[in-house]
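To start, the structure itself, in structure tokens.
There are 2 protein chains.
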Amino acid sequence: MKLYDLELSGNCYKVRLLAALAQIPLDIVPVDFLGGAHKRPPLTDLNPWGELPILVDGDRVLRDSQAILVYLAGRYGGASWWPTEPALQAEIVQWLSTAANEIQHGPGAARLVDKFGYTIDKPDALRRAGRILGLLDAHLATHDWLAVSRPTIADCAVYPYVALASEGGIDLSPYAHIGRWVARIKSLPGYLPMPGT
Amino acid sequence: MKLYDLELSGNCYKVRLLAALAQIPLDIVPVDFLGGAHKRPPLTDLNPWGELPILVDGDRVLRDSQAILVYLAGRYGGASWWPTEPALQAEIVQWLSTAANEIQHGPGAARLVDKFGYTIDKPDALRRAGRILGLLDAHLATHDWLAVSRPTIADCAVYPYVALASEGGIDLSPYAHIGRWVARIKSLPGYLPMPGT
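So the protein lines, in turn, are chains A and Z.
First residue of the first sequence: -15, per the working numbering; consecutive thereafter.
First residue of the second sequence: -15, per the working numbering; consecutive thereafter.
Shown next, in the form of structure tokens:
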């Protein structure tokens, strides 16, 4: 099972993190991102979006980090990471949407500006980041884990760009509950760091 | 089962559309959006995000339209709308992420500017819309439905803000495959329109 990967991508790191925590073997294929390999064939044949990560498992090809988390956890990771009950799946999907929307366009976008020089509206990214980090901190004041009473793919999806927030010029120190959640994730057996976390 | 609803919200319409297609009874509760009822208690007690839709089913409260689709389909709609196999769920989640990210921040954001006067960067929204509509059209050139070989919650999640694109000043006529997919959705038994589609 191949993961087309960029080490510095938080979206790729979501997948590597789950694989490490759930002990799912992955064949990591580093992609020449600076050279634009993800923007041309053969990678655009696998993912016309021109983005990473991409997972290839036999005939199955998946784009989108949230979808890859669902696949890996559901197929290989066991129900503790992605339960089979629709109600619990829905609790988790709330946070997969948050990862794809508010986190990506908040702390994720701020980091793209500062670390990779993207011409995104930085004040807008910081405004979005402040809102979602406040909501996240309030939620974590009464929850150890995001979606259910144990770590799931919800935590894997939201964690990377929150833990990397300082690379977008965002100070996490006002968010004490987020800080404790980050520490809980880092103490999980098998935890895999990435540069910047 | 209560849906706190705004008729003109594409995110609320996602839920009403699935409920109509899958024949799931919902008690629709209109919210005084212009009066800001979603931004204060008791609604912020249900959803601290201050957003609609919100679903309440007994003790369970869900925010986020994608999560509500998973819950309704998985619990009440049957496996045709949300299958139980992780591989098929992952195919669908790809499009739930697309709905929460590229569609929301593309055609969805353009409509917020034109129809509701939001001070969002309209050229950025149009640029994002052009990219995702092109990718969507190319995908639909070889697929009748987004995720698997039948309509699923993937189609319910992506459809509203695509079908409402003209309200953001976006012309869908160059996207012939999207046009045919829109027509297929409109011909489904039980289809429910919304103003603007």
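Backbone N, C-alpha and C define an ideal beta-carbon position, used for all residues, glycine too.
Note that the structure is a prediction, hence the values are computed from the model and not measured.
Under three-state DSSP, which class holds residue i?
{"i": "Z/LEU39", "result": "strand"}
{"i": "A/TYR(-12)", "result": "strand"}
{"i": "A/LEU172", "result": "coil"}
{"i": "A/VAL45", "result": "strand"}
{"i": "A/GLN7", "result": "coil"}
{"i": "A/HIS127", "result": "coil"}
{"i": "A/ASN31", "result": "coil"}
{"i": "A/VAL(-1)", "result": "helix"}
{"i": "A/ILE162", "result": "helix"}
{"i": "Z/SER150", "result": "helix"}
{"i": "Z/GLY(-6)", "result": "helix"}
{"i": "A/PRO177", "result": "coil"}
{"i": "Z/ALA61", "result": "Reading the sequence as shown, one finds Gly at residue 61 of chain Z and not Ala. In this structure, Z/GLY61 counts as helix in the three-state DSSP scheme."}
{"i": "A/ASP105", "result": "coil"}
{"i": "Z/VAL54", "result": "helix"}
{"i": "Z/ARG112", "result": "helix"}
{"i": "A/LEU156", "result": "coil"}
If I'm right that residue i touches residue j with Cβ under 8 Å, what's the distance once you round it to whole angstroms?
{"i": "A/ASP76", "j": "A/ALA131", "result": "For the record, residue 76 of chain A in the displayed sequence is Ile; it is not Asp. That belief holds up - the Cβ atoms of A/ILE76 and A/ALA131 are roughly 4 Å apart, short of 8 Å."}
{"i": "Z/ASP105", "j": "A/ASP105", "result": "6 Å"}
{"i": "A/ALA57", "j": "A/ILE137", "result": "5 Å"}
{"i": "A/ILE87", "j": "A/VAL(-1)", "result": "The pair is not a contact, with the Cβ atoms about 15 Å apart (cut-off 8 Å)."}
{"i": "A/ALA63", "j": "A/GLY152", "result": "A/ALA63 to A/GLY152, Cβ: 34 Å. No contact."}
{"i": "Z/LEU53", "j": "Z/PHE17", "result": "Not really, about 21 Å apart at Cβ, beyond 8 Å."}
{"i": "Z/LEU30", "j": "Z/ALA21", "result": "Incorrect: roughly 11 Å between the Cβ atoms, too far for contact."}
{"i": "Z/LEU1", "j": "Z/MET(-15)", "result": "Actually they do not touch by this definition, with Cβ atoms about 16 Å apart."}
{"i": "Z/LEU119", "j": "A/PRO32", "result": "6 Å"}
{"i": "Z/GLN78", "j": "A/ASP121", "result": "Actually they are not in contact, since the Cβ atoms of Z/GLN78 and A/ASP121 sit about 29 Å apart, beyond 8 Å."}
Which residue comes first and which comes last in the beta strand (DSSP E) that contains residue i?
{"i": "Z/LYS23", "result": "No beta strand (DSSP E) contains Z/LYS23, which DSSP labels as neither H nor E."}
Please compile the residues from chain Z whose C-beta is within a distance smaller than 7 Å of the C-beta of residue i.
{"i": "A/GLN73", "result": "VAL54 and GLY58"}
{"i": "A/ALA84", "result": "SER81, ALA84 and ASN85"}
{"i": "A/GLN7", "result": "Correct list: empty, because the minimum Cβ distance to chain Z is about 17 Å."}
The alpha helix (DSSP H) with residue i in it runs from where to where?
{"i": "Z/ILE12", "result": "Taken as a continuous stretch (DSSP letters only), Z/ILE12 belongs to no alpha helix (DSSP H), being part of the beta strand (DSSP E) at 11 to 14."}
{"i": "Z/LEU18", "result": "Unbroken run through Z/LEU18: none, as it is neither H nor E."}
{"i": "Z/LEU80", "result": "70 to 82"}
{"i": "A/TYR143", "result": "137 to 147"}
{"i": "Z/ALA93", "result": "93 to 100"}
Give the residues of chain Z in contact with residue i, contact being defined as C-beta atoms less than 8 Å apart.
{"i": "A/GLY46", "result": "In the sequence as presented, Gly is not what sits at residue 46 of chain A; that position holds Leu. Under the 8 Å cutoff, chain Z gives ALA74, GLU75 and GLN78."}
{"i": "A/ALA70", "result": "Correcting the residue type first, residue 70 of chain A is Pro in the shown sequence and not Ala. Those are VAL54, TYR55, ALA57, GLY58, ARG59 and TRP66, listed as they occur along chain Z."}
Taking the alpha carbon of residue i as the point to measure from, which residue in the options has its own alpha carbon closest?
{"i": "Z/TYR(-12)", "options": "Z/ALA113, Z/ALA71 and Z/GLY34", "result": "Z/GLY34"}
{"i": "Z/ASN(-5)", "options": "Z/HIS161, Z/LYS170, Z/TRP165 and Z/LEU148", "result": "Z/LEU148"}
{"i": "Z/ALA160", "options": "Z/LEU117, Z/LEU53 and Z/THR181", "result": "Z/LEU117"}
{"i": "A/PRO173", "options": "A/LEU(-10), A/LEU5, A/SER(-7) and A/MET(-15)", "result": "A/LEU5"}
{"i": "Z/ILE154", "options": "Z/ASP41, Z/TRP65, Z/PRO177 and Z/LEU96", "result": "Z/LEU96"}
{"i": "A/VAL13", "options": "A/PRO25, A/LYS23 and A/LEU39", "result": "A/LEU39"}
{"i": "Z/PRO144", "options": "Z/THR82, Z/LEU119, Z/HIS123 and Z/ARG134", "result": "Z/THR82"}
{"i": "A/ALA84", "options": "A/GLN50, A/ASP41, A/GLU69 and A/TYR60", "result": "A/GLN50"}
{"i": "Z/ASP41", "options": "Z/TYR55, Z/LEU72 and Z/ASP29", "result": "Z/TYR55"}
{"i": "Z/ASP43", "options": "A/ALA71, A/ASP121 and A/HIS127", "result": "A/ALA71"}
{"i": "A/HIS127", "options": "A/PRO177, A/GLY163, A/THR181 and A/ARG111", "result": "A/GLY163"}
{"i": "Z/TYR102", "options": "Z/HIS89, Z/TRP66, Z/ALA167 and Z/GLN7", "result": "Z/HIS89"}
{"i": "A/ALA109", "options": "A/PRO91, A/LYS(-14) and A/MET(-15)", "result": "A/PRO91"}
{"i": "A/SER157", "options": "A/ASP139, A/PRO177, A/GLY114 and A/CYS140", "result": "A/GLY114"}
{"i": "Z/GLY61", "options": "Z/SER(-7), Z/ARG112, Z/GLN78 and Z/CYS140", "result": "Z/CYS140"}
{"i": "A/PRO37", "options": "A/LEU80, A/GLY19 and A/VAL15", "result": "A/VAL15"}
{"i": "A/TRP129", "options": "A/SER(-7), A/LYS170 and A/GLY180", "result": "A/LYS170"}
{"i": "A/ASP176", "options": "A/LEU(-8), A/SER(-7) and A/TYR(-3)", "result": "It should be noted that the sequence gives Leu, not Asp, for residue 176 of chain A. Nearest C-alpha to A/LEU176: A/TYR(-3)."}
{"i": "Z/PRO179", "options": "Z/TRP165, Z/SER150 and Z/THR68", "result": "Z/SER150"}
{"i": "Z/ARG112", "options": "Z/PHE100, Z/VAL146 and Z/PRO135", "result": "Z/VAL146"}
{"i": "A/ARG134", "options": "A/GLN7, A/TRP66 and A/ARG59", "result": "A/TRP66"}
{"i": "A/HIS123", "options": "A/PRO107, A/GLU69 and A/TRP165", "result": "A/TRP165"}
Please list the partners that residue i has in chain A, where partner means a Cβ-to-Cβ separation under 8 Å.
{"i": "Z/PRO32", "result": "LEU119, ALA122 and HIS123"}
{"i": "Z/ASP105", "result": "ASP105 and ASP108"}
In chain A, what lies closer than 7 Å to residue i by C-beta?
{"i": "Z/GLN50", "result": "VAL77 and SER81"}
{"i": "Z/HIS89", "result": "HIS89"}
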